[in-house]
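**Q**
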């Protein structure tokens, strides 16, 4: 079943282009909760010294004022990505008083829905839209669900790779169409094999009791303050995480058959009314509760493990940007925050992910049938809730196969991919990263989820105590790390400029919010 990938890889290797992948672009987005000294979600606003969450290119917020999001620009080097992420977190810590950053995806000391303050972005039309969209998420799914943090991996192949790959594939279509079609093929395979990500990197096998409040649960009690599942890898990616349920009820799910099918399916969800959301209302007593009453308010509401992306210009809708200029890169969204690394992600993860994406591109990728769609969803849930269970079975091509056997096959097939990537680097980092993941497949106790539960048991810690201890270790790391004057000046100037940019946006608005929203949705 891997013959197509082997043939494509062999053709690439025969070219002897050692620089083939050297100009790939890599970026990371890391979400992290600001918490008070007791570990509770911070009630303070996004620190003014960090700049404007609306216009700052690298330091913003996700759902809530407390959910800080750190964004790296795209770099050619994994080391540069991590250096920038480290420097940014150092600067953030310089701007925090009496607070620190939570080291895990799952929050603790959640004092109910009202304890999660929705992110504010000022009074411009663009800022109001971002805030109201989040308000709608709260009404639709609950605010607590939106407090979960994750890491996103952004990746694009270099144009010189696409030129060579198109020639090898005998491509006769316009180059951007070929690139978009190839990225969609990659995305389909990432979904097929995506259960491997929570198994290898999942770091949320337990949660704080406060996260569920008084809701009933099928999770087991770890202690009086924690729930867990014995073989879970990533509860964040399981049933308790953020999901879109209304699309399935209405027979609408994102289609990955082609870029146009993807755009059409999301556009349909944005224009299809949902009776349950109609009950919430849009403008109630003079206040917006959500942007619309459709299945999706905007494209970003659709949760998926990976997205095709194009950089939007101004207020351009994501699907419109994709239609106009095609896919520029992909965004992998299924990574938990790595609690065992101060940065939340490390070099070996990134080297492996780059190899994994190239493998997914090279592998044959037919469209996903309804039966396979159900198997993909089921495999993801099984890996998230029971990934380390001995002899756990997944479904591949309508047949059962153990997670361990399938994962072993995938790693073996990725070996020559890593060898190709190592041609443009020193020290064989890709092969070493792959070896590290292979060891986790052979011994599940090496996975982050198993390590977390082992530490909790050995130390007699609740999930809260574990997360609090690790968070404070990371705080000590960053607060004792020097940040050069040049870098301090860089971030301070960015913060100041972002505040000026927000003020300029607010002053430039010449239409009402209602008109702004109408123009947004009327884009073709």
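Numbering (my numbering), first residue to last: 98 to 621. Note that the Cβ used here is the ideal one computed from N, Cα and C, for glycine as well. Because the structure is a prediction, the values reported are computed rather than measured.
Which residues in the same chain have their Cβ closer than 8 Å to the Cβ of residue 568, if we skip the five residues on either side of it in sequence?
**A** Your numbering for residue 568 matches position 471 in the chain shown. Correct list, in chain order: 132, 136, 197, 198, 199, 200, 201.
**Q** Ignoring anything shorter than 4 residues, give me the alpha helix (DSSP H) runs that lie fully in the segment 135–212, in order along the chain.
**A** Listed in chain order, the complete alpha helix (DSSP H) runs (minimum 4 residues) inside the segment 135–212 are 175–191.
**Q** Between which residues of its own chain and residue 593 is the CB-CB distance below 8 Å, once the five residues before and five after are set aside?
**A** In the chain shown, counting from the first residue as 1, residue 593 sits at position 496. Excluding residues within five positions, the ones whose Cβ falls inside 8 Å are 148.
**Q** Express the C-alpha separation of residue 560 and residue 312 in angstroms, rounding to a whole number.
**A** For the purposes of this step, residue 312 is taken as residue 215 along the chain shown, with counting starting at 1. For the purposes of this step, residue 560 is taken as residue 463 along the chain shown, with counting starting at 1. Residue 312 and residue 560: Cα-Cα distance of roughly 18 Å.
**Q** Which residues bound the alpha helix (DSSP H) around residue 295?
**A** Against the chain shown, residue 295 aligns to sequence position 198. Looking at the DSSP string, the run of the alpha helix (DSSP H) that includes residue 295 is 293–298.
**Q** In three-state DSSP terms, what is residue 326?
**A** Numbered from 1 along the chain shown, position 229 holds the residue referred to as residue 326. In the structure shown, residue 326 sits in coil (DSSP, three-state: anything other than H, G, I, E or B).
**Q** Quick check: the segment 116–133 against the segment 177–193, are there 3 or more CB pairs under 8 Å?
**A** In short, these stretches touch, since the Cβ pair count reaches three.
**Q** On the criterion of 16 or more Cβ atoms from any shown chain inside 10 Å, does residue 376 qualify as buried, or is it exposed?
**A** Against the chain shown, residue 376 aligns to sequence position 279. Counting Cβ neighbours within 10 Å, residue 376 comes out exposed, since fewer than 16 surround it.
**Q** May I have a chain-ordered list of the alpha helix (DSSP H) segments no shorter than 4 residues that lie completely inside the segment 428–461?
**A** The qualifying runs are 444–459.
**Q** In chain order, what residues of the same chain lie with their CB nearer than 7 Å to the CB of residue 486, ignoring the 5 residues before and after it?
**A** As a working note, residue 486 is residue 389 in the chain shown. Counting only Cβ-Cβ distances below 7 Å, and skipping sequence neighbours, we find 328.
**Q** Below 7 Å CB to CB, which residues in the same chain sit around residue 409 once its five sequence neighbours on both sides are set aside?
**A** If you number the chain shown from 1, residue 409 lands on position 312. Around residue 409: 415, 418.
**Q** In this structure, does DSSP put residue 261 in helix, strand or coil?
**A** One-based indexing of the chain shown puts residue 261 at position 164. If DSSP states are grouped into helix, strand and coil, residue 261 belongs with the helices.
**Q** Does the distance from the CB of residue 248 to the CB of residue 434 come in under 8 Å?
**A** For the purposes of this step, residue 248 is taken as the residue at position 151 of the chain shown. For the purposes of this step, residue 434 is taken as the residue at position 337 of the chain shown. In contact: residue 248 and residue 434 (Cβ atoms closer than 8 Å).
**Q** Which whole-angstrom value is the C-beta distance of residue 456 and residue 514, which I expect to be below 8 Å?
**A** By 1-based counting over the chain shown, the position of residue 456 is 359. By 1-based counting over the chain shown, the position of residue 514 is 417. Indeed they touch by this definition, with Cβ atoms about 5 Å apart.
**Q** Does residue 126 come out as helix, strand or coil in the three-state DSSP assignment?
**A** What you label residue 126 is simply residue 29 of the chain shown in a count that begins at 1. DSSP places residue 126 in strand when its eight states are reduced to three.
**Q** Short of 8 Å in beta carbon distance, which residues of its chain neighbour residue 452, apart from the five on each side in sequence? Order them along the chain.
**A** In the chain shown, counting from the first residue as 1, residue 452 sits at position 355. If we look at residue 452 and ignore the five residues flanking it on each side, its Cβ neighbours are 511, 514, 515, 518, 527, 530, 531.
**Q** By the DSSP assignment, the beta strand (DSSP E) with residue 490 in it spans what residues?
**A** By one-based count along the chain shown, residue 490 stands at place 393. From DSSP, the beta strand (DSSP E) with residue 490 extends over 490–493.
**Q** For residue 368 and residue 325, I'd like the C-alpha separation in whole angstroms.
**A** Taking the chain shown and counting its residues from 1, one reaches residue 368 at position 271. Taking the chain shown and counting its residues from 1, one reaches residue 325 at position 228. Cα to Cα, residue 368 sits roughly 39 Å from residue 325.
**Q** Out of 309, 254, 110, state which residue places its alpha-carbon closest to the alpha-carbon of residue 204.
**A** Here residue 204 is taken as the residue at index 107 of the chain shown, counted from 1. Of the candidates 309, 254, 110, the one whose C-alpha sits nearest the C-alpha of residue 204 is 309.
**Q** For residue 381, write down the residues that DSSP places opposite it in a beta bridge.
**A** Counted from its first residue, the chain shown places residue 381 at position 284. DSSP lists 384 as partners of residue 381.
**Q** Below 8 Å on the Cβ atoms is my contact criterion, and I expect residue 235 with residue 215 to pass it. Report the Cβ-Cβ distance as a whole number of Å.
**A** Residue 235 sits at position 138 when you count from the first residue of the chain shown. Residue 215 sits at position 118 when you count from the first residue of the chain shown. Confirmed, Cβ separation roughly 6 Å.
**Q** Does the distance from the CB of residue 276 to the CB of residue 244 come in under 8 Å?
**A** Working through the chain shown from its first residue, we reach residue 276 at position 179. Working through the chain shown from its first residue, we reach residue 244 at position 147. Cβ distance not < 8 Å, so residue 276 and residue 244 don't count as in contact.
**Q** Residue range of the beta strand (DSSP E) that residue 249 falls in?
**A** The residue given as residue 249 occupies position 152 in the chain shown. Where residue 249 is concerned, the enclosing beta strand (DSSP E) stretches over 248–253.
**Q** Can you tell me the Cα-Cα spacing of residue 402 and residue 333, whole angstroms?
**A** Position 305 of the chain shown holds residue 402. Position 236 of the chain shown holds residue 333. Those two C-alpha atoms are separated by around 12 Å.
**Q** Go ahead and label residue 536 buried or exposed: buried means 16 or more other beta carbons lie within 10 angstroms of its beta carbon, across all protein chains shown.
**A** Residue mapping note: residue 536 aligns to position 439 of the chain shown, counting from 1. Classification for residue 536: exposed.
**Q** Hey, could you find the ends of the alpha helix (DSSP H) residue 365 is sitting in?
**A** Taking the chain shown and counting its residues from 1, one reaches residue 365 at position 268. Per DSSP, residue 365 belongs to the alpha helix (DSSP H) from 356–368.
**Q** Could you pull out every residue in the same chain whose Cβ sits closer than 7 Å to the Cβ of residue 394, ignoring the five residues on either side in sequence?
**A** Locating residue 394 in the chain shown gives position 297, counting from the first residue. Excluding residues within five positions, the ones whose Cβ falls inside 7 Å are 230, 233, 387, 388.
**Q** Taking only heavy atoms of the ligand MN into account, decide whether any of them is closer than 7 Å to the Cβ of residue 370.
**A** Ligands are entirely absent from the displayed structure, and the ligand MN is therefore not among its contents.
**Q** Looking at the unbroken alpha helix (DSSP H) that takes in residue 477, where does it start and where does it end?
**A** Working through the chain shown from its first residue, we reach residue 477 at position 380. Its alpha helix (DSSP H) spans residues 467–483.
**Q** I want to know whether the segment 432–451 touches the segment 102–113 - three or more CB-CB distances under 8 Å.
**A** As far as the Cβ criterion goes, the segment 432–451 does not touch the segment 102–113, which means the pair count is below three.
**Q** Taking Cβ positions, are residue 431 and residue 291 nearer each other than 8 Å?
**A** Start at 1 with the first residue of the chain shown, and residue 431 comes out as number 334. Start at 1 with the first residue of the chain shown, and residue 291 comes out as number 194. Yes, these two residues count as a Cβ contact at 8 Å.
**Q** Note down the Cα distance separating residue 396 from residue 359, rounded to an integer number of angstroms.
**A** If you number the chain shown from 1, residue 396 lands on position 299. If you number the chain shown from 1, residue 359 lands on position 262. One C-alpha to the other measures close to 11 Å.
**Q** Under DSSP, the beta strand (DSSP E) around residue 406 begins and ends at which residues?
**A** The residue you call residue 406 lines up with position 309 of the chain shown. Note, residue 406: beta strand (DSSP E), 403–406.
**Q** For the segment 543–557 against the segment 460–471, do three or more pairs of beta-carbon atoms, one drawn from each stretch, fall closer than 8 Å, so that the two count as touching?
**A** Flag = no, the segment 543–557 and the segment 460–471 do not touch.
**Q** Can you grab the Cα-Cα spacing for the pair residue 365 / residue 610, in whole Å?
**A** As a working mapping, residue 365 is identified with position 268 in the chain shown. As a working mapping, residue 610 is identified with position 513 in the chain shown. Residue 365 and residue 610: Cα-Cα distance of roughly 23 Å.
**Q** Going straight from the alpha carbon of residue 139 to that of residue 279, what length do you get?
**A** The residue given as residue 139 occupies position 42 in the chain shown. The residue given as residue 279 occupies position 182 in the chain shown. Going by the C-alpha atoms only, they are around 43 Å apart.
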